[in-house]
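The numbers in numbering that gives the first Met the number 0 rise by one with no breaks, and the one at position 473 of the sequence shown is 472. Report on one structure; see the data block that follows.
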Amino acid sequence: MPVSRKETWFAVLIFAVVFLPAAHTQTVRWKFGYADNAFLDQILVRIRETGRPMSQINAGVYELFELITMPPEEVLALPLDGPKPAEINQFRKHTYAILYLLAPLSHVVPGRIMLPVLKTMCFFGMLAFAYFFLRKEGVGYFSAALMTVLISAHPAWSWGLYWQMYVDRLFLICGLFFLYHVTKKDLNRRYLVIVALLCLSISERMGAVCGVAMLGFAILNPRRYMAHKWLYATLALALIAVSVSIIKFYLVSKDYVGFSGSLLPGNFLLNLQGIPGFREKMLTFIVVNLCLFGFLGLFNWRAYLMALGTMAPNIMGNLGGAEKTGFSTHYHSIYLPFLVWAVITGYVSIRQRLSRTSSPRLSMLALNLLACVLMLTPLALYSYGGAGPRPQLSNLKAMGWARSLRELPMYLPGGSQFEWARAFEEVAARVPAGVVVSCGESLLPVLQPGREVHIYPEGIGVADRVVLFVNPEVDESPRYLGAVSYLGQEAERKLNLGLMTKLGELGFDLEGAEVVGSWAILAKR
């Protein structure tokens, strides 16, 4: 069913009303978004200036992983003059080739604006895609709008919108377009190849995911794909070959080795028995995705099976639990388009069957009510992070687009989040370009442009400036904070106390430091 121009413009207006506040919110939140935001902006600049995807920030992140697990005495004995090597090729960790397409745009729109807006577009693009697909398939206005809202209730959508960027997020919308072109009856070869290559450029894993999905759909429904079997086979195998080659012969990442090892059946059984909370988190993941949110996918069993296949690494693997119930993280970006596709195509399928019953309107009403109950339950049942079950209907306020509208005043001038971001910018304004800075991780996004930044206490041996946070416990020592330890509060206190002495030995004037508001100081060497 073609969508009228009037309806199209009306739907675009509605999406703009909810998209613009969310986009503005994300650009403000970017300013205190930690290293994951800062290093992507840095890579765009490096690609633009040198053609290489280098990151000094991520080199520091990997060194910080070691520092935060060391006793304070060992950290204080180090020179803390920055990571070795000073910067790394990020593509040896994850191959985000799509950044080469985005880097030229950063000449016009800075990464600190382009990236959060692009992330928001990917999230809302899923909703727009779902609405127009359902309308095209003959679903009524109300039902299509309802399903669009219910899709936004998935925790990975609502909570992920408010977390960091990550390039994997781009697959949310690209993956849906890929599935649309793979499964449509009147195949457009050019569009299929373009979308498949775009997905491949997002991350080294996406080629394998898309290639296996193409083969899977062809095997599950051979009649539909017989006419294009050579195109499907060639493109699918090429995508898989490129991904496997990059992962096996190019990437250098301990994370890959550890996670892929956890997928082995023997290790999975060991994790199931030996890791506290593994079983509970796995069951939460399965209930949320396959039983509650994804129940409509059962009416398109092929798409449902493909969604289940993309969830297998999350179900079996172990990455500290974030792959299961850390719905705000990017570890849910790969399977979510497949799950949404199964839901919307399953909804179209069951709707067509119900239209042939003796009471189609009553049947559709019952289906919509059931969908509301089941698909809203994950947000109502599980609190942020999937720590439930703790039934709280108030959790529905966490629905991403609704939260953006409700919290918008906080991100406008005078609002708490806006003023917090302004305070961060005030620190950046007092640090000259070209200097070396050691600071808390949350300050990286605003200090990174035009400066060499290190996550405190990294880099204090070579830094020109350090930014420290004022201890809110005025009667406690040390006076200033900034270093983090995973060995507990006492270890963290000793580390920050020892660093006060070390900074003095390195020539930093803490007594004459410049005070920024009531929460930070800027000390010079």
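From the three backbone atoms N, C-alpha and C, an ideal C-beta is built for every residue, glycine too. Values in this document were obtained by computation on a predicted structure and should not be read as measured data.
Handout entry: Inter-residue spacing [alpha-carbon to alpha-carbon] between Thr-24 and Val-108
Key = Locating residue 24 in the sequence shown gives position 25, counting from the first residue. Locating residue 108 in the sequence shown gives position 109, counting from the first residue. Cα to Cα, Thr-24 sits roughly 17 Å from Val-108.
Problem - Distance between Gly-137 and Ser-105 (C-alpha atoms, nearest Å) - result: If you number the sequence shown from 1, residue 105 lands on position 106. If you number the sequence shown from 1, residue 137 lands on position 138. Whole-angstrom Cα-Cα distance: 40 Å.
Problem - Inter-residue Cα distance where the pair is Leu-199 and Ser-142 - result: Translated into the one-based positions of the sequence shown, residue 199 becomes position 200. Translated into the one-based positions of the sequence shown, residue 142 becomes position 143. Near 34 Å, if we compare the C-alpha coordinates of Ser-142 and Leu-199.
Exercise for the section: Go ahead and pull the three-state DSSP assignment for Val-436. Expected result: Against the sequence shown, residue 436 aligns to sequence position 437. Correct three-state label for Val-436: strand.
Handout entry: Cβ shell of Ala-386 (< 8 Å), same chain only, five flanking positions each side left out
Key = For the purposes of this step, residue 386 is taken as the residue at position 387 of the sequence shown. Low per-residue confidence applies at Ala-386: pLDDT is 49, beneath 50, and the placement is therefore not dependable, though the value from the model is reported in the following sentence. Answer for Ala-386: Thr-324, listed in chain order.
Exercise for the section: In the DSSP assignment, find the unbroken alpha helix (DSSP H) run with Phe-18 in it and report its ends. Expected result: Here residue 18 is taken as the residue at index 19 of the sequence shown, counted from 1. If you look at Phe-18, you'll find it in the alpha helix (DSSP H) that goes 4-29.
Problem - Met-281 versus Met-205 - alpha carbon distance - result: Position 282 of the sequence shown, counted from the start, is the residue given in the question as residue 281. Position 206 of the sequence shown, counted from the start, is the residue given in the question as residue 205. Computed Cα separation, rounded: 23 Å.
Practice task
Go through the region 243-319 residue by residue and report every complete run of the alpha helix (DSSP H) that reaches 4 residues or more, in order.
Solution key: 253-261, 264-273, 277-285, 300-315, all fully within the region 243-319.
Problem - Helix, strand or coil at His-153 [DSSP, three-state] - result: In the sequence shown, residue 153 corresponds to position 154, counting from 1. For His-153, the secondary structure class from DSSP, reduced to helix, strand or coil, is coil.
Practice task
Tell me, please, whether the region 165-173 touches the region 118-128 by the rule of three or more beta-carbon pairs shorter than 8 Å.
Solution key: Judged by pairs of C-beta atoms under 8 Å, the region 165-173 touches the region 118-128, as three or more such pairs exist.
Exercise for the section: Go ahead and pull the three-state DSSP assignment for Tyr-165. Expected result: The residue labelled residue 165 in the question sits at position 166 within the sequence shown. Residue state, collapsed to three classes: coil.
Practice task
Write down the C-beta distance between Leu-269 and Arg-278 rounded to the nearest angstrom, noting that I regard them as a contact closer than 8 Å.
Solution key: Within the sequence shown, residue 269 is the residue found at index 270, counting from 1. Within the sequence shown, residue 278 is the residue found at index 279, counting from 1. Contact check for Leu-269 and Arg-278: beta-carbon distance about 12 Å, past the 8 Å limit, so the pair fails to qualify.
Handout entry: CB contact flag (Ile-67, Val-483, <7 Å)
Key = One-based indexing of the sequence shown puts residue 67 at position 68. One-based indexing of the sequence shown puts residue 483 at position 484. Yes. Within cutoff.
Problem - Limits of the alpha helix (DSSP H) - the one that Phe-131 falls within - result: Taking the first residue of the sequence shown as position 1, residue 131 is located at position 132. Unbroken alpha helix (DSSP H) run through Phe-131: 110-135.
Practice task
Please confirm if the region 296-309 is in contact with the region 332-347, defined as three or more CB-CB distances below 8 Å between the two stretches.
Solution key: The region 296-309 is in contact with the region 332-347.
Handout entry: Assigned secondary structure, His-453 (DSSP; H/G/I helix, E/B strand, else coil)
Key = Residue mapping note: residue 453 aligns to position 454 of the sequence shown, counting from 1. Secondary structure of His-453 (DSSP, three-state): strand.
Problem - Boundaries of the alpha helix (DSSP H) in which Ile-46 is found, first to last residue - result: The residue given as residue 46 occupies position 47 in the sequence shown. Ile-46: member of the alpha helix (DSSP H) spanning 33-49, first to last residue.
Problem - For Ile-333 and Val-526, believed in contact at Cβ under 8 Å, the rounded distance - result: Look at the range of the chain in this structure, 0 to 524, and you will see that residue 526 is not part of it.
Handout entry: 6 Å CB neighbourhood of Ile-97 in its chain, flanking five on each side removed
Key = Taking the first residue of the sequence shown as 1, we reach residue 97 at position 98. Excluding sequence positions up to five before and after Ile-97, its CB lies within less than 6 Å of the CB of Ser-200, Ile-201, all in the same chain and listed in chain order.
Problem - Pairwise C-alpha distance: Ser-441 and His-453 - result: Numbered from 1 along the sequence shown, position 454 holds the residue referred to as residue 453. Numbered from 1 along the sequence shown, position 442 holds the residue referred to as residue 441. Whole-angstrom Cα-Cα distance: 11 Å.
Practice task
Starting from Leu-63, follow the alpha helix (DSSP H) in both directions and report where the run begins and ends.
Solution key: Counting from 1 along the sequence shown, the entry for residue 63 is found at position 64. Note, Leu-63: alpha helix (DSSP H), 55-66.
Practice task
Report the three-state DSSP secondary structure of Ile-97 (helix, strand or coil).
Solution key: Counting from one through the sequence shown, the residue named residue 97 turns up at place 98. DSSP places Ile-97 in coil when its eight states are reduced to three.
Practice task
From the DSSP output, in three-state form, read off Tyr-485 for me.
Solution key: Translated into the one-based positions of the sequence shown, residue 485 becomes position 486. Coil.
Problem - Phe-507 in three-state terms, based on DSSP - result: Within the sequence shown, numbered from 1, the residue matching residue 507 stands at position 508. In the three-state reduction of the DSSP assignment, Phe-507 falls in the coil class.
Practice task
Give the DSSP-derived three-state secondary structure of Val-466 in the structure shown.
Solution key: Taking the first residue of the sequence shown as 1, we reach residue 466 at position 467. Under the three-state reduction of DSSP, Val-466 is assigned to strand.
Practice task
Taking all protein chains shown into account, decide if Tyr-455 is buried (16 or more other Cβ within 10 angstroms of its Cβ) or exposed.
Solution key: Position 456 of the sequence shown, counted from the first residue, corresponds to residue 455. Classification for Tyr-455: buried.
Practice task
Since I believe Trp-340 is in contact with Ser-151 (beta carbons under 8 Å), could you give me their beta-carbon distance rounded to a whole number of angstroms?
Solution key: In the sequence shown, the residue the question calls residue 151 occupies position 152. In the sequence shown, the residue the question calls residue 340 occupies position 341. Distance from Ser-151 to Trp-340 at the Cβ level is roughly 15 Å; contact not present, criterion being Cβ atoms closer than 8 Å.
Exercise for the section: Locate the beta strand (DSSP E) running through Glu-513, then write down its first and last residues. Expected result: Counting from 1 along the sequence shown, the entry for residue 513 is found at position 514. From DSSP, the beta strand (DSSP E) with Glu-513 extends over 513-515.
Practice task
Tell whether a beta-carbon distance below 7 Å holds between Met-213 and Val-181.
Solution key: The sequence position of residue 213 within the sequence shown is 214, counting from 1. The sequence position of residue 181 within the sequence shown is 182, counting from 1. Result yes, Cβ atoms of Met-213 and Val-181 sit closer than 7 Å.
Handout entry: First through last residue of the beta strand (DSSP E) which encompasses Ala-522
Key = Stepping through the sequence shown from its first residue, residue 522 is reached at position 523. For Ala-522, the enclosing beta strand (DSSP E) begins and ends at 519-523.
Practice task
Give a yes or no on whether the minimum CB-CB distance between Pro-275 and chain C is below 7 Å.
Solution key: The structure shown has no chain C; it contains just one protein chain.
Practice task
Look at the Cβ atom of Leu-563, then the Cβ atom of Gly-481, and state whether they are nearer than 7 Å.
Solution key: Residue 563 is absent from the structure shown; the chain starts at 0 and stops at 524.
Problem - Where Leu-443 falls: helix, strand or coil (DSSP) - result: Stepping through the sequence shown from its first residue, residue 443 is reached at position 444. Here Leu-443 sits in helix by DSSP.
Practice task
Rank Leu-238, Gly-497, Gly-159, Tyr-99 by C-alpha distance to the C-alpha of Leu-191 and give the top, closest one.
Solution key: What you label residue 191 is simply residue 192 of the sequence shown in a count that begins at 1. The candidate whose alpha carbon is nearest that of Leu-191 is Leu-238.
Problem - Residues of its chain near Gly-210, where Cβ-Cβ distance is below 6 Å and the 5 sequence neighbours each way are ignored - result: Indexing the sequence shown from 1 puts residue 210 at position 211. Close CB contacts of Gly-210 within its chain, under the 6 Å cut and outside five residues either way in sequence, are with Ala-235, Leu-238, Ile-239 (chain order).
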